[in-house]
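Colleague: The structure that follows is given in the form of structure tokens.
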Amino acid sequence: MIVQKYKDMLSGKSVIRQLSEFATARGAEIGYENVFDYSLGNPSVPAPQAFTDRLLHLLATKEPIELHGYSPSLGITSVREAIAASLRERFGLPFETRHIFMASGAAGALAHAFRLVTQPGDEILTFAPFFPEYHPYVDLTGAVLKVVPPQTEDFQINFEAFEAMIGEKTMAVLINTPNNPSGVVYSKETLERLAQVLGEKSKELGHDIFLISDEPYREILFEGETYPCPCTFYDNSIMCYSFSKSLSVPGERIGYLAVNPACQGSGDLVNMCGQISRGIGHNCPPSIIQLAVAHVLDQTADISVYERNRNILYRELTDLGFTCVKPGGTFYIFPKALEEDAKEFCQKALKYDLILVPGDTFGAPGYFRMAYCIETEKVERSLEALRKFVREEYGR
């Protein structure tokens, strides 16, 4: 018998992907250069040359079985060692090889993290605005994702609503900083208070509440913005990282899960990931890509392009009267729409070949996301379309 729940999902495809497909089809009609596609968060700058050079070096000097054979279930040991050393130096926590699990991007790391700390029926809380794929990521494990409503004035955490939602079934809290879709970086004060609440509620409920930190945009920070690492504030924390955005290699599907050395059960959790992989068919990310990223752990692609695009759009949007929290990182901006119904707002924008994503799918109705990981020249050309849209549809 065909499993109905997956069949039902066919009618609930990703809004982001649907808009991206629309943009591609429209581009076939008028030329994609004339479609201002702000839908998909696909990095638009090349990977660092050092990454490409390392791949070529590996291909020229290593045996094929080392590059193309299965890695150990937990990942290549030398790569895990290098990542642990990088995290020790950067964040001052005593990470060791045994705390690192190599995964197929942050999504693969999250798939393991959820299964480490929840069983079917348990709840994971996250904060709007949030990446909409968290719902299938969590819900298909048998756990339940509950969304805390947003604090729209700054998109930090709405603590009043959060504390009211924590209950007996709450086993984990999922955060994403810098945040997709808002671009906001959680402050030190926010993370300190979050850690305090989690500690108090864990004692009150009589069980540990784990903090799962989704960090694929950690390196994409603007104007000297600093990154307070969530694991430094709370012991029972699990870091999920991807190289997709920082190195512009999303198609290579490589990241890792890092268990806070002070975490409850830290000695077993990574080994347990190896067993989880047996059940979800995840085993062994590509060996050659593991080896290549280990050589460029502290490098990034040219993220200055994203900061330049952010500055252009933020200035134009605010000049046009949009309410908008200025992003501290990522390559997203999340303004308030010029009417209450953001879906209708984004539908109207299509007439001007502006592809915008309504905030409803991110848990923040009335807002919309622009993924500005596109060429700066195209961002600049999109401004006239944006002005025309606002003038003709809203009289501004």
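In the numbering used here, the protein residues as written are 1 to 396. The C-beta atom is built at its ideal place from N, Cα and C for all residues, glycine as well.
Which full runs of the alpha helix (DSSP H) of 4+ residues lie inside the region 290 to 355, going along the chain?
Modeller: 304 to 319, 342 to 349
Colleague: Which residue spans inside the region 125 to 190 form an unbroken beta strand (DSSP E) run of at least 3?
Modeller: You should have 144 to 148, 170 to 176.
Colleague: Only counting the same chain, and skipping five residues up and downstream in sequence, which positions put a Cβ closer than 8 Å to that of G121?
Modeller: G142, A143, V144, K169
Colleague: Would you say K348 and E377 are within 8 Å of each other, going by their C-beta atoms?
Modeller: no
Colleague: Relative to the C-alpha of I100, which candidate in V117, G75, I124, K336 has its C-alpha closest?
Modeller: Of V117, G75, I124, K336, the residue nearest in Cα terms is G75.
Colleague: Give the secondary structure of D214 by DSSP, where H, G and I count as helix, E and B as strand, and everything else as coil.
Modeller: strand
Colleague: Within the region 222 to 264, note down every full beta strand (DSSP E) run reaching 3 residues or more, in order along the chain.
Modeller: 237 to 242, 255 to 259
Colleague: Kindly indicate which residue of R218, A172, L386, A385 has the alpha-carbon position closest to the one of V197.
Modeller: A172
Colleague: Taking DSSP's pairing of strands, which residues face D37 in a bridge?
Modeller: I355
Colleague: My output table needs one value for F101: the three-state DSSP class, helix, strand or coil.
Modeller: In the structure shown, F101 sits in a strand (DSSP, three-state: E or B).
Colleague: Residue ranges of each alpha helix (DSSP H) run of no fewer than 4 residues wholly in the region 50 to 115, ordered along the chain?
Modeller: 64 to 68, 77 to 91
Colleague: Considering only DSSP beta bridges, list what M370 is partnered with.
Modeller: I333
Colleague: Helix, strand or coil for E123 per DSSP?
Modeller: strand
Colleague: Pick from D139, V293, K146: whose alpha carbon is nearest that of P48?
Modeller: The shortest C-alpha separation from P48 is found at V293.
Colleague: Rounded to the nearest angstrom, what separates M9 and P358 at their Cα positions?
Modeller: Taking C-alpha positions only, M9 is separated from P358 by approximately 20 Å.
Colleague: Pull up the CB-CB distance for I16 and S39, whole angstroms please, since I reckon it's below 8 Å.
Modeller: 6 Å
Colleague: Within its chain, find whatever has a CB closer than 8 Å to the CB of I154; leave out the 5 residues flanking it on each side and keep chain order.
Modeller: Residue identity check: residue 154 is Asp in the sequence provided, not Ile. Excluding sequence neighbours, D154 sits near V184, V325.
Colleague: May I ask you to report which of helix, strand or coil DSSP gives T24?
Modeller: Looking at T24 - three-state DSSP - the assignment turns out to be helix.
Colleague: Output yes or no for whether 8 Å exceeds the beta carbon distance between Y234 and L211.
Modeller: yes
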